[in-house]
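**Q** Sequential numbering from -11 applies to the sequence shown in my numbering.
Below is a structure I'd like to ask you about.
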Amino acid sequence: MSEESNVRFTEREALFYHNTIRPGKIEIIASKPMATQRDLSLAYSPGVAVPVRAIAENPADAYEYTAKGNLVAVISNGTAILGLGNLGALASKPVMEGKAVLFKRFADVDSIDIELDTEDADA
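The structure is reproduced here in structure tokens:
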């Protein structure tokens, strides 16, 4: 725990927070009904072909028919984890999930974390 922090907790409390109920801090939920076969057919195949064609014809429609306008990726390769140094891509996952939570909490922006297991910028 940072000496600069006024918030106090034990290592056990931090691990419990990240593990309780469901591991991690984020989840993906459907924004449309998914209760029936018809719902699923609209969400995926064959219904998804209609917005696919609309977007192919007019790329700006991606903002009308997808989450594109409110979805970002939080990406790290783990080489500089919050002052902890290079601990690898997988070790950066709790931080990336935390950033995703901050995006949602403070800006209502949905995000997904992506950890890249490489230090090669050209990979």
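Built from N, CA and C at the ideal position, the CB exists for glycine as well.
Since the structure is predicted, the reported quantities are computational estimates derived from the model, not experimental observations.
1. Please classify residue 37: does DSSP put it in a helix, a strand, or coil?
2. Using the DSSP secondary-structure output, state which residues sit across from residue 102 in a beta bridge.
3. Is residue 45 helix, strand or coil by DSSP?
4. If you follow the alpha helix (DSSP H) that residue 93 is part of, which residue opens it and which one closes it?
5. Classify residue 66 as buried or exposed, calling it buried when 16 or more other Cβ atoms lie within 10 Å of its own Cβ.
6. Pull up the CB-CB distance for residue 77 and residue 103, whole angstroms please, since I reckon it's below 8 Å.
7. Assuming residue 13 and residue 89 are in contact, meaning their beta carbons sit under 8 Å apart, how far apart are those beta carbons, in whole angstroms?
8. Return yes when the Cβ of residue 62 is within less than 8 Å of the Cβ of residue 87, no when it is not.
**A** On the basis of the supplied data:
1. Numbered from 1 along the sequence shown, position 49 holds the residue referred to as residue 37. Three-state DSSP puts residue 37 in a helix.
2. In the sequence shown, counting from the first residue as 1, residue 102 sits at position 114. DSSP output for residue 102 lists 63 as bridge partner(s).
3. On the sequence shown, residue 45 is found 57 positions in, with the first residue counted as 1. Residue 45: helix per DSSP, three-state reduction.
4. Here the question's residue 93 lines up with position 105 in the sequence shown. Residue 93 -> alpha helix (DSSP H) spans 81 to 95.
5. Translated into positions along the sequence shown, residue 66 becomes position 78. Residue 66 is buried by the Cβ-count criterion.
6. On the sequence shown, residue 77 is found 89 positions in, with the first residue counted as 1. On the sequence shown, residue 103 is found 115 positions in, with the first residue counted as 1. Contact flag correct, Cβ pair sits at about 4 Å.
7. The residue given as residue 13 occupies position 25 in the sequence shown. The residue given as residue 89 occupies position 101 in the sequence shown. That pair is a contact at about 5 Å.
8. Against the sequence shown, residue 87 aligns to sequence position 99. Against the sequence shown, residue 62 aligns to sequence position 74. A contact, by the Cβ cut-off of 8 Å.
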